[in-house]
Amino acid sequence: MREFKNEFVALLRSAIGQRIQRIYRHRKIITNYTSRANIGLMLLVCRCRASQ
């Protein structure tokens with residue numbers, strides 16, 4: 169029974185770890201997109217100010 173419990177805990181931990189990694193990867197992609205968008209906005213603002 170004890171061995172089974174240890175195996176179950178290990179499985180649970182690995183499943184949770186994988187889920188966290190997946191979420192982290194998605195968040196990383198999202199932050200990349202947002203930072204790119206922010207840079208684009210900054211460039212647009214600079215261009216507008218320069219043209220004035």
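One point on numbering: in this note's numbering, the residue at position 16 of the sequence shown is 184, and numbering is uninterrupted.
Don't be surprised by glycine CBs; every beta carbon is placed ideally from N, CA and C.
Euclidean distance between Cα positions of residue i and residue j
i, j, result
"arginine 170", "arginine 193", "35 angstroms"
"serine 203", "arginine 215", "18 angstroms"
"threonine 127", "isoleucine 207", "This structure gives no information on residue 127, because the portion of the chain shown stretches from 169 to 220."
"isoleucine 191", "glycine 185", "10 angstroms"
"valine 177", "alanine 183", "10 angstroms"
"leucine 211", "alanine 205", "10 angstroms"
"valine 213", "lysine 196", "26 angstroms"
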